[in-house]
Structure formats: C-alpha cells, structure tokens
Amino acid sequence: MNLDIDFDWSANFAKLIGFENDEVKDLLRLYFLLHSDHEGGNASAHVSHLIGSTLGNPYLSFSGCAIALSGPLHGLANQECLKFLLDIKKKLDGKELTYGFIEKYAKDFLNSGRVIPGYGHAVLRVPDPRFLALRNFALAHFPNDPIVQILEMCYKVIPGILSATGKVKNPYPNVDCYSGSLLHHYGIKYPEYYTVLFALSRSIGVMSQLVLSRGLMYPLERPKSVDVHNLKKICERNYVKIEEFERVKTILQISSTVAAARV
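5 is the number of the first residue of the sequence shown in the working numbering; add one for each residue after it.
Here you go:
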C-alpha cells in the first residue's frame, strides 16, 4: 500500500489493516500514544535503552524491545483481560448483568488460584491514567457495548474484592484492562495481534528516547553488582546482624518443634 502523505502515521496504519472509520483512526492515535514509552523501567523499554546504550543498530535495539514483549508476563496482558471479559459474557448467556454476578465470578476466579488480569501495577497506587483515557474514549463512543458494560461493573466491584484479600498493593485497573476490548469492538478480533500493536506503539517512544540519549551522549549502561560480602554489610547496617538473625531463627525453630510435640 502506498502511504498517503495527507494522513498521519495512525491513519495510514488504519488504512493498511483495512479500516477507513475515523473512530478507529482516533483510537489508534490514542492507543499508540499511551503505549509509546511508559518510562524506562518496564522490560521492553529498558532492554531497548540498554541495547541502544552500546551505540548498536537502532533496529536491533528495538528488536530487543519486541522480544521482551513476547513474554507472557509483559506483552500478553491485554489478551488475557479480553479473554476474562469474553468468558464473563459467555457465562451470562443472555442473563441480566448484576453486581452479584460479577462479585461471585471474581471471587470464584481468585479462589481457583488465578490472578484477575488487568488489575494492579508494579509502580502505580492509583487507577492507571492510561486506563482512564481509554475508558473515557469507550464511554464517549460506545457506552452500550456489552463488554464495556461488563468492564464498568468490574471497575466498581473488583478493586474492593482485591483490597479485602490484604495481598494487593494496588487493586485498581491498569491500561491492559481496557485496551484489548476497544480493539475488539472495532473488529480487530485476533488477540494474538494485539502484542504487535503494542510493539508498534513502543517503537515510537523507545526510538525517540534513543535519539535523545545519543544527542545527550549518555554513557553505556552498566548496572552495579553487589557481592555476598557487601550484601552482608548492607544487611547488618540497615537491618540486623546475620548472626542475630540466625540465633532468632534457631529459637523459632525450637519453639515450633516443642509446640508440635505437645500437640
């Protein structure tokens, strides 16, 4: 396909994959922007910065970013979220959507040993602003979509359930919670393709960062290592001496043995 110079990057991509709808173009603009970088600590962005710091080929630097996204703990979250929501829709089977249904489904899901996808974040302790941006787009364009209605009810019910477990630092939804559902609404119904869009988005951010890093002449990235000797010194300085820890541990083990014998 020949690119249209009157179109921006997102509009040309929408046309490339067969969409002329202006709403799809707007969604892709938002999607690409929100997924473009997200600071440098996440796996895909960080590995790209790391490789780029060697002054290696930018294409290979981004290849490392894309490979990181292939890992299920990083690049597949929005697929898992969509599957979660579609399964709720299937279980409803035409019945009325209620708070009680979502509460029971979520608790059963957790009790089966699984993690509810799309909730929590390694850094944030508030609802993900990217989630809120995608949510606003959905509510403005198709608030009556069945998946959106399920999402809205999950948003009101699931954080409270997660907080009640006492195990979750951030019970709020993240960007993955909504992103796959928006793509699905407009007919991009191949979840395995969502990570490709994630990678395309991230290329914009990490390649811009690479240009900036080289312009500022940032040095080769070289994280410091800590050997066992120095790790022990850090522990003793900030926490408790290793010998004291071993003494307390031995006392606890003896106490446990005595208690078990009494039983």
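We put the CB at the ideal spot given by N, CA and C, even for glycine.
The Cβ-Cβ distance between TYR123 and ASN46 does not fall below 8 Å. Among the bridge pairs identified by DSSP, TYR123 is matched with PRO177. Contact between PHE202 and HIS42 fails: their C-beta atoms lie close to 11 Å from each other, not under 8 Å.
Relative to the Cα of ALA70, the nearest Cα in the group THR199, ILE238, CYS239, ALA110 belongs to THR199. CA-to-CA, the gap between PRO223 and LEU31 works out to about 37 Å. In chain order, PHE36, SER40 place their CB closer than 7 Å to the CB of ILE208, counting only its own chain and leaving out the 5 sequence neighbours on each side.
In this structure SER52 is in contact with SER65, their Cβ atoms being roughly 5 Å apart against a cut-off of 8 Å.
Between LYS93 and PRO150, the beta carbon gap of about 6 Å places them in contact (Cβ cut-off 8 Å). Under the three-state reduction of DSSP, LEU214 is assigned to helix. The C-alpha of SER67 lies about 15 Å from the C-alpha of GLN213.
Burial check for HIS188: the Cβ neighbour count within 10 Å reaches 16 or more, so the residue is buried. LEU31 sits in a helix when the DSSP states are folded into three classes.
The Cβ atoms of SER48 and ALA72 sit closer than 8 Å to each other. Between ALA81 and PRO121 the beta-carbon gap is near 6 Å, inside 8 Å, which marks them as a contact.
Within the same chain, SER65, GLY68 come within 6 Å of ILE55 by CB-CB distance, once the 5 residues on both sides are set aside.
Taken in chain order, the unbroken stretches of alpha helix (DSSP H) that lie wholly in the stretch 53 to 94 and span 4 residues or more are 62 to 73. Under the three-state reduction of DSSP, SER40 is assigned to coil, being neither helix nor strand.
Straight through space, the alpha carbons of ASP12 and TYR197 are spaced by roughly 22 Å.
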